[in-house]
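Which chain is which? The protein sequence lines are V and X, in order.
Every position in the first sequence, counted from 1, becomes a number in this note's numbering once 38 is added.
Every position in the second sequence, counted from 1, becomes a number in this note's numbering once 38 is added.
2 protein chains.
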Amino acid sequence: MSEALSMDGGAVPAVPSNDTTGKKTTFTIGELAREFDITLRTLRFYEDKGLINPKRDGQNRLYNRRDRARLKLVLMGKKVGFSLNEICDMLDLYDLRDGQVVQLRVALNKFNQQIDVLQEQKSHIETAIDELSRTVEVVSGMLKEREAAEK
Amino acid sequence: MSEALSMDGGAVPAVPSNDTTGKKTTFTIGELAREFDITLRTLRFYEDKGLINPKRDGQNRLYNRRDRARLKLVLMGKKVGFSLNEICDMLDLYDLRDGQVVQLRVALNKFNQQIDVLQEQKSHIETAIDELSRTVEVVSGMLKEREAAEK
DNA sequence: CTGGACGTTGACGCAAACGTAAGCTATCAC
DNA sequence: GTGATAGCTTACGTTTGCGTCAACGTCCAG
């Protein structure tokens with residue numbers, strides 16, 4: 039996520055213009071889909087949900103770098119376990135670029151809360167693993183007995 | 039889960055008959071709901087799904103110790119991340135009490151697979167936590183700057 | 001002019017696990 | 001007889017994040 043925070047980044051250290059990403063300022067839906075390995079449906083869905091708002095070239099969607107940056111944030115958010123709704127809220131906050139400090143504090147809180155959530159999930163998973171492991175031990179034991187007893 | 043494997047347990051080490059659990063052999067839906075802190079709806083749902091099959095006292099459900107044990111297994115299974123369908127399959131296997139050894143092997147495989155799944159989930163969560171933590175660092179930095187710059 | 005490639009807008013489907021009434025029965029205490 | 005308590009069935013609603021048609025437009029190469 040930290041990388042995505044640049045949000046379009048002013049002074050990026052001279053990205054070598056190798057692929058389409060280099061200097062392109064607009065993207066089609068297909069291009070973004072390929073770049074981020076998501077489906078067209080997903081992009082449209084995100085638009086429906088108000089996460090991205092591409093302009094139109096006639097009827098076709100036309101994404102600019104800002105749209106692309108938002109998409110990046112969305113995917114990052116998903117990766118760290120935020121729901122699309124939560125992501126939507128945060129992006130909206132991000133857009134109200136007035137009380138910067140307040141926004142940052144809000145975001146910081148969200149992030150810390152999410153870290154807590156994740157840590158809880160993690161410990162749940164750990165206990166589940168433990169329990170399953172113990173069960174495996176027991177069952178293995180039973181199996182050995184049965185196999186020995188069998189014939 | 040290991041505890042639940044006893045499935046009704048033959049020689050349980052003399053459980054002191056303090057609460058209803060002690061010697062009771064049948065249970066109403068409400069009793070089980072309270073004991074395991076689930077809703078009636080949930081119990082009925084599990085029945086619909088074929089996870090539990092209580093007898094009837096007239097129209098009312100009447101659970102015996104075996105039903106209760108199955109319920110325990112179900113809840114254990116959920117706890118370690120199995121879906122109700124998976125649990126259903128395993129319980130069915132458990133009921134085909136013929137080729138014991140085979141069943142045990144199948145179960146063992148499931149368990150080990152689930153451990154793998156859980157471990158993957160765990161590492162996903164760990165990377166998410168890392169990423170979020172880094173982001174928090176960055177945002178904290180930004181905040182300090184802003185606060186310093188602000189008047 | 002024909003077939004792809006790429007794009008569009010609906011709109012229904014799905015999976016999981018119940019929640020949430022609606023409307024009815026039965027029993028018990030008082 | 002009346003209300004509280006416990007239970008019943010039926011059945012639609014919810015949430016999340018898209019998948020999967022359907023039916024159509026557009027533009028380019030051959």
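Heads up, the beta-carbon is just placed ideally off N, CA and C, and yes, glycines get one too.
Closest by C-alpha distance to residue 98 (chain V), out of V:76, V:64, V:175, is V:64. Annotation: residue 124 (chain V) has no Cβ neighbours in chain X at a cutoff of 7 Å; minimum Cβ distance is about 13 Å. For residue 111 (chain V), the uninterrupted alpha helix (DSSP H) run begins and ends at 103 to 117, by DSSP. The alpha-carbon separation between residue 174 (chain V) and residue 142 (chain V) amounts to approximately 47 Å. The residue among V:153, V:168, V:156 with its C-alpha nearest the C-alpha of residue 153 (chain X) is V:168. In the displayed model, residue 100 (chain X) falls within a strand according to three-state DSSP. If the five residues before and after residue 121 (chain V) are omitted, its C-beta is found closer than 6 Å to no C-beta atom of its own chain.
With 16 or more other Cβ atoms inside 10 Å of its own Cβ, residue 108 (chain V) counts as buried. Rounded to whole angstroms, the Cβ separation of residue 92 (chain X) and residue 105 (chain X) is 5 Å, and the two are in contact under 8 Å.
Taking a C-beta distance under 8 Å as the contact criterion, residue 119 (chain X) and residue 146 (chain X) do not qualify as a contact pair. Secondary-structure assignment with DSSP links residue 94 (chain X) through a beta bridge to X:99. With its beta carbon at least 8 Å from every one in chain V, residue 111 (chain X) lies outside the interface.
Within chain X, 142 have C-beta atoms less than 8 Å from the C-beta of residue 180 (chain V), given in sequence order. By the beta-carbon neighbour count (other beta carbons within 10 angstroms, threshold 16), residue 112 (chain V) is buried.
In this structure, the beta-carbon distance from residue 67 (chain V) to residue 81 (chain V) falls below 8 Å.
In the three-state reduction of the DSSP assignment, residue 64 (chain X) falls in the strand class, which pools E and B. The three-state reading of DSSP puts residue 127 (chain X) in helix, counting H, G and I together. 8 Å or more divides the Cβ of residue 144 (chain V) from the Cβ of residue 129 (chain V). Residue state for residue 75 (chain V) is assigned as coil, using DSSP reduced to three classes.
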